[in-house]
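Residue numbers (numbering that gives the first Met the number 0): 0 to 120.
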Amino acid sequence: MSTYTNQEGKTVELSAIIRQDVFSITDADGETAAECTVEKRNGVYWVKNLWVKSAYRGHRLASELLRAVGLAYTNEVLYLWVQAYAGQPKTDEELTKMYANFGYKPTETPGVLRRSYVNQA
């Protein structure tokens, strides 16, 4: 367990600040075809590093991952930063539209989307 000393001189365990869950889809050979992480940083959940191997693009693997994340974090607010990587087939605008299908909406911060928790009551 790693620790650090904050500005007030208090020792804090890093696991109390950062928690990370990995969601992945593997192919028949056991190779990762798509993956993303959900990271809890200072009480806020972020969907990060969503990617699909080029050979598997167009097979809705990103959608499957987003569905799995949504089910796993039904009662949590989730954030994500929209950022198309260089050489990727989708623009930021196209990604924003895709994420909207999973309940993510723009925030006051450009490029940041938020999905409110789903009330099960």
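Glycine included, each C-beta is placed from N, C-alpha and C at the ideal position.
query, result
"Once you ignore the five residues that flank Y98 on each side, which residues in its own chain have a CB closer than 6 angstroms to its CB?", "L112"
"Out of Y78, P88 and Q87, point me to the one whose CA is closest to T131's CA.", "This structure cannot speak to residue 131, because the chain is shown only from 0 to 120."
"Taking 6 angstroms as the limit between beta carbons, can you name the residues of its chain near T106, skipping five residues before and five after?", "R113"
"Thinking C-beta only, is A27 closer than 8 angstroms to K52?", "no"
"Could you check which residue in V21, K96 and T90 has the C-alpha nearest to that of N48?", "V21"
"State the DSSP-derived secondary structure class of V68, mapped to helix, strand or coil.", "helix"
"Are T36 and Q19 touching if we call contact CB-CB under 8 angstroms?", "yes"
"By DSSP, does S53 sit in helix, in strand, or in coil?", "helix"
"To which residues of the same chain is L60 closer than 8 angstroms at the C-beta, ignoring the five residues directly before and after it?", "I24, A32, A33 and V51"
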